[in-house]
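Novice: Residue numbers (my numbering), protein chains in the order written: chain A, 1 to 247; chain B, 1001 to 1367; chain C, 2001 to 2395. Following this message is one structure expressed as structure tokens.
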Amino acid sequence: MSAEHVIELNGVHKWYGEFHVLKDINLTVEKGERIVICGPSGSGKSTAIRCINHLEEHQRGQIIVDGTELTGDLKHIEQVRKEVGMVFQHFNLFPHLSIIENLTLAPIWVKKVTKAEAEETAMKYLERVKIPEQAFKYPGQLSGGQQQRVAIARSLCMNPKVMLFDEPTSALDPEMISEVLDVMIELAEDGMTMICVTHEMGFAKKVANRVIFMDQGEIVEENEPNEFFNNPQNERTQMFLSQIIQH
Amino acid sequence: MSVNHVKGPDLPPPNSEVGIAGWMKKNLFSSYANGFMSLVAILLIVLLVPPLIDWAFWSATWTGETRADCDQDGGACWVFIANRIDQIMYGFYPAELHWRPNLTGLGLIALTIPFFIKSFKYKNWLGAFILIVYPFIAYVLIHGGSFGLEVVSTTKWGGLMLTLILSAVGIVASLPIGILLALGRRSKMPMFKSVCIMYIEFWRGIPLITVLFMASVMLPLFFPEGSDFDKLLRALIGITMFQSAYMAEVVRGGLQAIPKGQYEAAEALGLNYPKSMGLIILPQALKLVIPGIVNTFIALFKDTTLVLIIGLFDLLAIINLALTDSDWLGFDDEGYVFAAFVFWVFCFAMSRYSIALEAKLHTGHKR
Amino acid sequence: MSELETAQKPSNPAVWNDPKYRALFFQTALIVGLVYFLYSVVNNTLSNMEARGISTGFAFLTEKAGFGILQSLIQFNEDSSYGRTFLVGLMNTGLVAVLGIFLATLLGFGMGVARLSSNWLIAKLATVYIEIFRNIPLLLQIFFWYFAVLAGLPSPRNSMSLGAGIEFNIRGLYLPGPIPESGFSITVIAFIIGFIAMLFMRRWAHKRQDETGQQFPVGWVTLGLLIGFPFFVFLLSGMPMGIEYPVLTGFNFSGGIALVPELLALVLALTIYTGAFIAETVRAGILAVDHGQTEASLALGLKRSQLMKLVIIPQAMRVIIPPLTSQYLNLTKNSSLATAIGYPDLVNVFMGTTLNQTGQAIEITAMTMAVYLTASLLISSLMNWYNKKMALVER
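Structure, rendered in structure tokens:
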């Protein structure tokens, strides 16, 4: 249980009823690493990262986040969720709260900071994602790309050690994809540890340290981007890559 | 890395996840609180259900002629129901003429069968026939007076037959009025709009009992002296006007769900108001709200029990009457449980149908 | 001269093709038709009533009623006026409505949440409850409780004693009645103080959280202020409260609070029936909130209780409140079924007995309907206002 690994998955298995959805997942992530996970739908990649912050529960194996092991223990789960931020495919902003309220909710109620401090942090990150003027609007008034950037800012307000991205651009209209990817690239360049499930191969090439290909619940191939895209070793990887339209 | 990756085997899940043990752990005992509640629930079921089933089935008496045939050891006496089943079904309708309402009912069922055949092309014509022509046929059959059929006055109609007649007529009659009201409510002409809104809000705001009272007591006053008003007719008029307001709201929902583009396309094609409504909008809207109409029918079916209060003998009233028979006193439980069962079967079946319809229509419309 | 001024205006269509005139024509026809219809109805009614010797006008309201009423929240005897019967009926309807709404809401919310429980057994039991009681007519349920269940209770002489002086028999449910003694007003004052203190405490706690981030157990302190504090004062001031126990005198009980079986059956049936519909409404409301909201909240580290309070319930209530008020209105209207078992609600007492005795159907029916209509319209407007206020802000 080395504290250098920010995330460690050892022999993780998961079943949905009879269906074996994750098979012997082994993965270690160092601080500052950027991992991209790709694969066909149903390969278990979303399930895998959802296990990291316990939105899904694994049945076998160990998941250790920043030294804390994820068991059924509520205290451990809460500890892990404070350190791990997640951005969803469908944004999941709180529609009944304004943008700034979306951002300050968790810091106030989970980290127990003062309102002034929370708002200051919120505005800082809104500027970082380049939409500070939307602070008092409501999610329903923003475009998809803006909403996703707010979602990223919302996770950042908790000052996480790791950011998980679950297909963050899959639900966006094409012209809005780059504004979100730009934010993610900046985040990476500032040293954030991230695991990203995505089909955006251009992003992977630019930013990733490692690309992982998952299929039918297993990690099939793992390599640094150049090797991965130009020299895929496994035929399943080759088949998958040939089916993806490159950006 | 991972050059010769061979696909790993599909392992079976750990015992705690599947099988009965796994299911129980996840669904019944996932936490202390859940476990406790599960135990309490199981206790309640064990305490209540076996005695109930025993009363209703095992210890019950099913056949016999008189009260004496019923076991005295506490089981249900279904002889009570069996003995009066004719009255419960048909009210006071003469027994030898039961074939007439039977024929009407079977005829209706037979007519609705083609709707389930996908390839049947004349569904619209069939629907129009059932809604517009068949009621007259049914009336002649059940009431009599023509074609050599003996007249059976409406005072003799009762039981389940009356309940069905009240519900069916209520829905069929309130549908056209409801459509007109819904169209009127969406009208741009302020007078039509206000009158329709007032009508709808009035009938939706008052209890059905007051409507039935009003129909029963006041309707004769509204019309010139001497016009004799059949009691059943008064109730039907009250029910129809009451239902039409609710029907109007259901149809309005359907009209609102039709995209504006449909209205515009109809206009662009040069269709005037009646044509665009009749040919384009209403067919789509009505199809959308069939589940809503079924729900309204279910509500009306339950509401028909209120006619008991104005002296008509629907199913519930007949049961009540049967309970006052001096030969058969004290069988309130059997009577009400039976009535509850009959209503429940109809309503539950209709609500399941409505849900299935809604699911089917939803996927159809979710372009 | 500008081009605009010399440009030709489109010529006016013929009158009968002009939409404006057509609209006017149709509307005028409607008004004329309605007026004629109403006129003939009124005419017929007046002449019919004259022929039958029925008087008109509201003078009857001051006449003596001459009958007793089973249960009344205000003083009523045979010398009271017909106008008073209206008030008694109105208050009884109100009583049933308030009790019914309160209990049905509790039952409905409980069952609705239970239906969504992760515990399979609890969820299934809730489903069974909902599917059974939604599909049986209310009148039948009322009859069942009144004739089949409550009629099986023992006579007052063999009354079931449920402890703490509560007596349950065929004449009703008798509860011990509190009789406040002279020192009781201090407890009442304590409650008022507690209530005001609670309001201040909540504001203070909110401000404190904004400024320091620390959370305060507002819920528990509220309970303490509203219940614990007055109770404490009650004890200290020597418990100035007498209790009147129901006592068997002759053939019946007297004293204490009497709940007649008619009221019990009506409230019980209304609660169980309406509760099933409310449960479905609550379930739909909670399901309407996207599961992604739960995921995002949990991912941010919110506890389940915070998730409910801050994210799920505010969004669910938007969806729940409109149909919920509709159910409340239905319950109020359904209370009129009291007539079937003889509970003296507004319809039974006023539109039933008083109408039978005076024959003044028009006035009485109009007054009764006016009551229900006013309640309906008031609640509808309140609901429209609420909907507008709570609508999610969108583009």
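Where is the CB? At the ideal position from N, CA and C, for every residue including glycine.
(1) How would you write the range of the beta strand (DSSP E) that C/Tyr2082 sits in, first residue to last?
(2) Should C/Asn2384 be flagged as near chain B, meaning a C-beta pair shorter than 9 Å?
(3) Anything in chain B within Cβ reach of C/Thr2093, meaning under 9 Å, just list it in chain order.
(4) Check whether the Cβ atoms of B/Ile1298 and B/Ala1245 lie closer than 9 Å to each other.
(5) Roughly how many angstroms separate the alpha carbons of C/Pro2156 and C/Ile2142, rounded to a whole number?
(6) What is the DSSP secondary structure of C/Ile2179, reduced to helix, strand or coil?
(7) If you pair each beta-carbon of the segment 2227-2237 of chain C with each one of the segment 2201-2219 of chain C, do three or more pairs fall below 8 Å?
(8) Nearest CA to the CA of A/Pro174: which residue from A/His199, A/Cys157, A/Ala151 and A/Asn159?
(9) If the cut-off is 8 Å on Cβ atoms, which residues from the segment 1183-1209 of chain B count as contacting chain C, listed in chain order?
(10) Count the other CB atoms within 10 Å of the CB of B/Arg1252; is the residue buried (16 or more) or exposed (fewer)?
(11) Report the rounded CA-to-CA distance for A/Ala188 versus A/Arg34, giving the unit in angstroms.
(12) Measure from the C-beta of A/Gln141 to each C-beta in chain C and report whether the shortest distance is under 9 Å.
(13) Helix, strand or coil for A/Asn209, going by three-state DSSP, please let me know.
(14) Reducing DSSP to helix, strand and coil, say where C/Leu2259 ends up.
(15) So B/Gly1008 contacts chain A; which residues on that side make the cut at Cβ distance below 7 Å?
(16) Just verifying my parser: in three-state terms, what is the DSSP assignment at A/Ile35?
(17) Counting only Cβ pairs nearer than 9 Å, list the residues of chain B close to A/Gln89.
(18) Is there at least one Cβ from chain B nearer than 9 Å to A/Arg60's Cβ?
(19) Tell me, which residues are paired with A/Phe165 by DSSP?
(20) A/Gly85: buried (16+ other C-beta within 10 angstroms of its C-beta) or exposed?
(21) Please report whether the beta-carbon of C/Ala2299 lies at a distance below 9 Å from any beta-carbon of chain E.
(22) Do A/His5 and A/Glu30 have their CB atoms nearer than 9 Å?
(23) Does A/Pro174 get closer than 9 Å to chain C when you measure Cβ to Cβ?
(24) Go through the segment 1252-1339 of chain B residue by residue and report every complete run of the alpha helix (DSSP H) that reaches 4 residues or more, in order.
(25) For B/His1098, which option in B/Ala1076, B/Leu1048, B/Leu1160 and B/Ile1117 has the closest C-alpha, if you only look at C-alpha atoms?
(26) May I have the straight-line CA-CA distance separating B/Ser1002 from A/Ile64, to the nearest angstrom?
(27) Could you name the residues of the same chain whose beta carbon sits closer than 6 Å to that of B/Val1140, not counting the 5 residues immediately before and after it, in chain order?
(28) DSSP on B/Trp1157, reduced to helix/strand/coil?
(29) Hey, how far is the Cα of C/Leu2162 from the Cα of B/Arg1234?
(30) Residues bridged to A/Asn10 by DSSP?
(31) What separation, rounded to the nearest whole angstrom, lies between the Cα atoms of C/Lys2303 and A/Glu179?
(32) Could you tell me which uninterrupted alpha helix (DSSP H) segments, each at least 4 residues in length, are contained entirely in the segment 1098-1182 of chain B, listed from first to last along the chain?
(33) Using the Cα positions of A/Ser46 and A/Thr28, report the straight-line distance between them to the nearest angstrom.
(34) Less than 8 Å separating the Cβ of C/Ile2193 from some heavy atom of the ligand ZN?
(35) What residue does the alpha helix (DSSP H) around C/His2291 start on, and which one ends it?
(36) Have a look at C/Asn2064 and B/Phe1343 and give me their C-alpha separation to the nearest angstrom.
Specialist: Short version:
(1) Sequence index remark: in the third sequence, residue 2082 of chain C carries index 82 (1-based). First-last for C/Tyr2082: Tyr2082 to Arg2115, but that is the alpha helix (DSSP H), not the beta strand (DSSP E).
(2) Numbered from 1 along the third sequence, position 384 holds the residue referred to as residue 2384 of chain C. No, C/Asn2384 lies away from the interface with chain B (no Cβ there is under 9 Å from its Cβ).
(3) Taking the first residue of the third sequence as position 1, residue 2093 of chain C is located at position 93. Residues of chain B whose Cβ lies closer than 9 Å to the Cβ of C/Thr2093 do not exist; the shortest such Cβ separation is about 10 Å.
(4) Residue numbering aside, residue 1298 of chain B sits at position 298 when the second sequence is read from its first letter. Residue numbering aside, residue 1245 of chain B sits at position 245 when the second sequence is read from its first letter. Cβ distance not < 9 Å, so B/Ile1298 and B/Ala1245 don't count as in contact.
(5) The residue given as residue 2156 of chain C occupies position 156 in the third sequence. The residue given as residue 2142 of chain C occupies position 142 in the third sequence. Between the C-alpha atoms of C/Pro2156 and C/Ile2142 there is a straight-line separation of about 23 Å.
(6) For the purposes of this step, residue 2179 of chain C is taken as residue 179 along the third sequence, with counting starting at 1. Of the three classes helix, strand and coil, the one that applies to C/Ile2179 here is strand, per DSSP.
(7) With the cut-off at 8 Å, the segment 2227-2237 of chain C and the segment 2201-2219 of chain C do not touch.
(8) In the first sequence, the residue the question calls residue 174 of chain A occupies position 174. When only C-alpha atoms are compared, the closest one is A/His199.
(9) Against chain C - using a Cβ distance shorter than 8 Å - the residues of the segment 1183-1209 of chain B are Lys1188, Met1189, Pro1190, Met1191, Phe1192, Val1195, Glu1201, Phe1202, Arg1204, Gly1205, Ile1206, Pro1207, Leu1208 and Ile1209.
(10) As a working mapping, residue 1252 of chain B is identified with position 252 in the second sequence. Buried.
(11) Taking the first residue of the first sequence as 1, we reach residue 188 of chain A at position 188. Taking the first residue of the first sequence as 1, we reach residue 34 of chain A at position 34. Whole-angstrom Cα-Cα distance: 7 Å.
(12) Counted from its first residue, the first sequence places residue 141 of chain A at position 141. Yes, because at least one Cβ of chain C sits closer than 9 Å to the Cβ of A/Gln141.
(13) Locating residue 209 of chain A in the first sequence gives position 209, where the first residue counts as 1. In this structure, DSSP gives A/Asn209 a state outside helix and strand, which the three-state scheme calls coil.
(14) Along the third sequence, one-based indexing puts residue 2259 of chain C at 259. In the structure shown, C/Leu2259 sits in a strand (DSSP, three-state: E or B).
(15) Within the second sequence, the letter at position 8 stands for residue 1008 of chain B. Those within 7 Å of B/Gly1008 in chain A are Lys23, Asp24 and Glu218.
(16) As a first step, residue 35 of chain A must be located in the first sequence, where it is residue number 35. Three-state result, A/Ile35: strand.
(17) The sequence position of residue 89 of chain A within the first sequence is 89, counting from 1. Result: empty, since nearest Cβ-Cβ is about 20 Å, beyond 9 Å.
(18) The residue labelled residue 60 of chain A in the question sits at position 60 within the first sequence. Answer yes: the Cβ-Cβ gap between A/Arg60 and chain B drops below 9 Å somewhere.
(19) For the purposes of this step, residue 165 of chain A is taken as the residue at position 165 of the first sequence. Assignment of beta-bridge partners to A/Phe165 by DSSP yields A/Val87 and A/Cys196.
(20) Position 85 of the first sequence, counting from 1, holds the residue named residue 85 of chain A. Buried is the call here.
(21) In summary, chain E is missing from the structure at hand, where the protein chains are A, B and C.
(22) The count along the first sequence starts at 1 and reaches residue 5 of chain A at position 5. The count along the first sequence starts at 1 and reaches residue 30 of chain A at position 30. Their beta carbons are under 9 Å apart, which means A/His5 touches A/Glu30 by this criterion.
(23) On the first sequence, residue 174 of chain A is found 174 positions in, with the first residue counted as 1. No - not a single Cβ of chain C is within 9 Å of the one on A/Pro174.
(24) The segment 1252-1339 of chain B contains these whole alpha helix (DSSP H) runs: 1260-1268, 1282-1288, 1290-1303 and 1315-1323.
(25) Locating residue 1098 of chain B in the second sequence gives position 98, counting from the first residue. It is B/Leu1160 whose Cα lies nearest to the Cα of B/His1098.
(26) Counting from 1 along the second sequence, the entry for residue 1002 of chain B is found at position 2. Counting from 1 along the first sequence, the entry for residue 64 of chain A is found at position 64. In this prediction, B/Ser1002 has a pLDDT of 48, which is less than 50 and means its spatial position is unreliable; what the coordinates show is noted afterwards. One C-alpha to the other measures close to 24 Å.
(27) Here residue 1140 of chain B refers to the residue found at position 140 when the second sequence is read from its first residue. The residues are Ser1146.
(28) On the second sequence, residue 1157 of chain B is found 157 positions in, with the first residue counted as 1. Assigned with DSSP and collapsed to three states, B/Trp1157 falls in strand.
(29) Mapped onto the third sequence, residue 2162 of chain C falls at position 162. Mapped onto the second sequence, residue 1234 of chain B falls at position 234. The alpha-carbon separation between C/Leu2162 and B/Arg1234 amounts to approximately 48 Å.
(30) One-based indexing of the first sequence puts residue 10 of chain A at position 10. For A/Asn10, which the question treats as bridged, DSSP gives the partners A/Gln62.
(31) Taking the first residue of the third sequence as position 1, residue 2303 of chain C is located at position 303. Taking the first residue of the first sequence as position 1, residue 179 of chain A is located at position 179. C-alpha separation (whole angstroms): 32 Å.
(32) Those alpha helix (DSSP H) runs which fall completely within the segment 1098-1182 of chain B and span 4+ residues are 1099-1112, 1123-1128 and 1134-1143.
(33) What you label residue 46 of chain A is simply residue 46 of the first sequence in a count that begins at 1. What you label residue 28 of chain A is simply residue 28 of the first sequence in a count that begins at 1. Distance between A/Ser46 and A/Thr28, taken at the CA atoms: about 17 Å.
(34) With respect to the ligand ZN, the structure shown offers nothing to examine, as it has no ligands at all.
(35) Within the third sequence, the letter at position 291 stands for residue 2291 of chain C. Per DSSP, C/His2291 belongs to the alpha helix (DSSP H) from His2291 to Ala2299.
(36) The residue you call residue 2064 of chain C lines up with position 64 of the third sequence. The residue you call residue 1343 of chain B lines up with position 343 of the second sequence. Asn is not the amino acid found at residue 2064 of chain C; the sequence shown has Lys there. Their backbone Cα atoms lie some 44 Å apart in a straight line.
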